[in-house]
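Protein chains in written order, with the working numbering: chain A, 899 to 1153; chain Y, -17 to 173.
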Amino acid sequence: MTATAALPATALAGLLLSMADDEFVIGFSDSEWTGIAPLLEEDVAMSSLAQDELGHAAALYGLLGELIDTDPDAIAYDREPAEYRHCRLLDHGRGDWAMTIARRFLYDSADVIRLEALASGSWTPLAELVGKLVREERYHRMHAGAWLDRLARGDGEPRDRLLAALAELGPDAATVFTPLEDEAVLLEAGIIDAPMAELEDRWRASIAPVLADLDLPMPPPARDPERGRLDHGADFAWLWGEFTSVRRADPGATW
Amino acid sequence: MSEGGIHVNVARTRAGAIVGERPAAPATVVDEAPVRAALGEVMDPELPMLSVVDLGIIHRVAIAPNGGPITVEILPTFVGCPALELIKASIAGRLGAFGRPVVVTATFEVPWSSDRISPAGRAALLEAGIAPPGPATTGDAPVLIDLEPRVPCPHCGSRRTTVENLFGPTQCRTIRYCADCRQPFESIKPV
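#1: In chain order, what residues of the same chain lie with their CB nearer than 6 Å to the CB of A/Phe1003, ignoring the 5 residues before and after it?
#2: Pick from A/Glu978, A/Gly1052, A/Arg1059 and A/Met1094: whose alpha carbon is nearest that of A/Pro1123?
#3: Quick one: what's got a C-beta closer than 6 Å to Y/Arg83's C-beta in the same chain, skipping five residues either side?
#4: I need the DSSP call for Y/Val86, collapsed to helix, strand or coil.
#5: If you measure beta-carbon to beta-carbon, which residues of the segment 951 to 970 of chain A are closer than 7 Å to chain Y?
#6: Return the bridge partner residues of Y/Tyr159 from the DSSP annotation.
#7: According to DSSP, what are the bridge partners of Y/Met25?
#8: Should A/Leu961 go down as buried or exposed, given a rule of 16 or more other Cβ atoms within 10 Å for buried?
#9: Using a cut-off of 8 Å between C-beta atoms, extract the partners of A/Arg1057 located in chain Y.
#10: Identify the contact partners of Y/Gln165 in chain A, using a Cβ-Cβ distance below 7 Å as the criterion.
#11: Pick out whichever of Y/Ala44, Y/Glu168 and Y/Val24 has its Cα sitting closest to the Cα of Y/Ala110.
#12: Contact between the segment 975 to 984 of chain A and the segment 1053 to 1069 of chain A is defined here as three or more beta-carbon pairs at a separation below 8 Å; is this criterion met?
#13: For the putative contact between A/Asp1080 and A/Thr968, defined by C-beta atoms under 8 Å, what is the C-beta separation to the nearest angstrom?
#14: Assuming A/Arg1057 and A/Ser1007 are in contact, meaning their beta carbons sit under 8 Å apart, how far apart are those beta carbons, in whole angstroms?
#15: Need the endpoints of the alpha helix (DSSP H) that A/Gly1001 sits in, please.
#16: DSSP state of A/Glu951, grouped into three classes?
#17: With DSSP as the reference, please indicate the residues paired to Y/Glu55 in a beta bridge.
#18: Could you pull the DSSP bridge partners for Y/Ala113 from this structure?
#19: Just to confirm my understanding: we take A/His990, look at its own chain, exclude 5 residues before and 5 after, and list those with CB closer than 8 Å. What are they?
#20: Applying a beta-carbon distance threshold of less than 7 Å, which residues of chain Y neighbour A/Glu939?
#21: Less than 6 Å between C-beta atoms, sequence neighbours within five positions excluded: which residues of the same chain meet that for Y/Gln165?
#22: For Y/Met25, which option in Y/Thr119, Y/Asp162 and Y/Gly103 has the closest C-alpha, if you only look at C-alpha atoms?
#23: For the alpha helix (DSSP H) that contains Y/Ile73, what are its first and last residues?
#24: Just checking: is the beta-carbon of A/His990 within a distance shorter than 7 Å of some beta-carbon in chain Y?
#25: Measuring only between beta-carbons, confirm whether Y/Cys154 sits less than 7 Å from chain A.
#26: For the alpha helix (DSSP H) that contains A/Ala1151, what are its first and last residues?
#27: Determine, using beta carbons only, whether Y/Glu91 comes closer than 7 Å to chain A.
#28: Taking CB distances under 7 Å as the criterion, tell me whether Y/Val11 reaches chain A.
#29: Quick one: which unbroken beta strand (DSSP E) runs of 3-plus residues sit fully inside the segment 1075 to 1139 of chain A? Chain order, please.
#30: Between the beta-carbon of Y/Cys160 and the beta-carbon of Y/Ser140, is there less than 7 Å?
#31: Identify the contact partners of A/Val1010 in chain Y, using a Cβ-Cβ distance below 7 Å as the criterion.
#32: For A/Leu937, tell me which candidate among Y/Cys163, Y/Lys171, Y/Thr156 and Y/Glu146 has the shortest Cα-Cα distance.
#33: Whose CA, out of A/Trp1101, A/Arg1048, A/Arg1145 and A/Glu1086, lies closest to the CA of A/Glu1014?
#34: Nearest by alpha-carbon distance to Y/Val86: which of Y/Gly116, Y/Glu14, Y/Met31 and Y/Gly75 is it?
#35: Mapping DSSP to helix, strand and coil, what is A/Asp920?
#36: What does a CB cutoff of less than 8 Å around A/Ala911 pick up in its chain, not counting 5 residues either side in sequence?
Put into structure tokens, the structure is as follows:
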């Protein structure tokens, strides 16, 4: 994109909102383990992961806020549940530890493919931020990968619970790559390097050897793929009630 | 950068001093070296043995001529670092002593890396019982925390140490354990 070309603001806003909402929702989901994780080490780890993801969300909402001239906190907290654009993979309730590990593995492996597709993008503010995010997400993948391995090789209950979690989450895993409105505009502007459908192929190629090595099933194609970022259910409505409760208790309060 | 302007100001002030003139306000001269020295006195709130200079988060310092602002651009260590606003305020507070407006902004123009921590900063970490980070990259390839080449224990120097937790009390730290002196310790994540 040349300096004189107009920024495709609407398409860019859609991309930023989908990414920010993903990080925001998984960050809040992770924070539900604070104080009650199965191991003290995991209590620390999940809290730190949640802090990372909420920080990533804040940075992305910040870029979006500048783009559309809106307070980032208002974007994060003042929408109705139906207006959030996170992917359906993140709509499942916290569940047990295996659900959390399966969700983190599926999301983190997809998120890194998306970040890599944006890292050399033409819109500098996003490309620079992504350059930083990629470094932090490596540790998230390392954590999820180590636990996936541990549960998958733990015959009996750990493996059974992991298989049940993958069966529940699998059909929604590819919703991270739900086609964006105006995706062609982002491609043309050089903000993202491939369509979401191609990113999904890259993601499948990246996780296939890991899952095969552990004799775990590949996620099937997304059900209802066009609506992969819509129709959030009761579990998200509950989470929304939690993360907006302070904001709603005293609208306009400053901290 | 405004170095040309600064040097012109220095010359004028020196000349003025010779003839005993008081420089017209706001002709207070501010050089970059004392500003950087002052930044060396601003400590990180989460790693208080490290200055913001030793931590390697100072990206750019610019001093506008003719009494204009001192601008400092810093690189967040982690995107979600909760200490960022406190660090900005500490820098602005310390540089306020120069009698100029101070503007502190954060940028991701280059990603902060643990490789930016200075040798003095690494020594200070070790002294405080925190193992400094290994290299964050080899050539172009990123290095994750390597579980095998054991990080030496900052208390006793033993290499019989293990990673207890990739994550720690702050975003930039990992928790380890020494099998010889039987002490847990923290290390800085290579990033």
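We treat Cβ as the ideally placed atom computed from N, Cα and C, and that holds for glycine. Keep in mind it's a predicted model, so treat the numbers as computed, not measured.
Based on what the coordinates show:
#1: Ala1042 and Leu1046
#2: A/Met1094
#3: The amino acid occupying residue 83 of chain Y in the given sequence is Pro; Arg does not appear at that position. Closer than 6 Å at Cβ, skipping near neighbours: Pro51.
#4: strand
#5: Leu952, Gly953, His954, Ala956 and Ala957
#6: Y/Thr144 and Y/Pro166
#7: Y/Ser33
#8: buried
#9: Those within 8 Å of A/Arg1057 in chain Y number zero; the least Cβ separation is about 23 Å.
#10: Those do not exist, as Y/Gln165 stays about 17 Å from chain A at its closest Cβ, beyond 7 Å.
#11: Y/Glu168
#12: no
#13: Not a contact, Cβ separation roughly 19 Å.
#14: Actually they are not in contact, since the Cβ atoms of A/Arg1057 and A/Ser1007 sit about 19 Å apart, beyond 8 Å.
#15: The sequence shown places Arg at residue 1001 of chain A, not Gly. First-last of the alpha helix (DSSP H) with A/Arg1001: Trp995 to Leu1016.
#16: helix
#17: Y/Arg42 and Y/Thr87
#18: Y/Ser169
#19: Met997, Arg1001, Glu1066, Leu1067, Asp1070 and Asp1133
#20: Glu146 and Asn147
#21: His137
#22: Y/Gly103
#23: Leu66 to Leu77
#24: no
#25: no
#26: Premise fails: A/Ala1151 is in no alpha helix (DSSP H) and is neither H nor E.
#27: yes
#28: no
#29: none
#30: yes
#31: Per Cβ cutoff of 7 Å: no residues; A/Val1010 is ~12 Å from chain Y at best.
#32: Y/Glu146
#33: A/Trp1101
#34: Y/Gly75
#35: helix
#36: Leu962, Leu965 and Ile966
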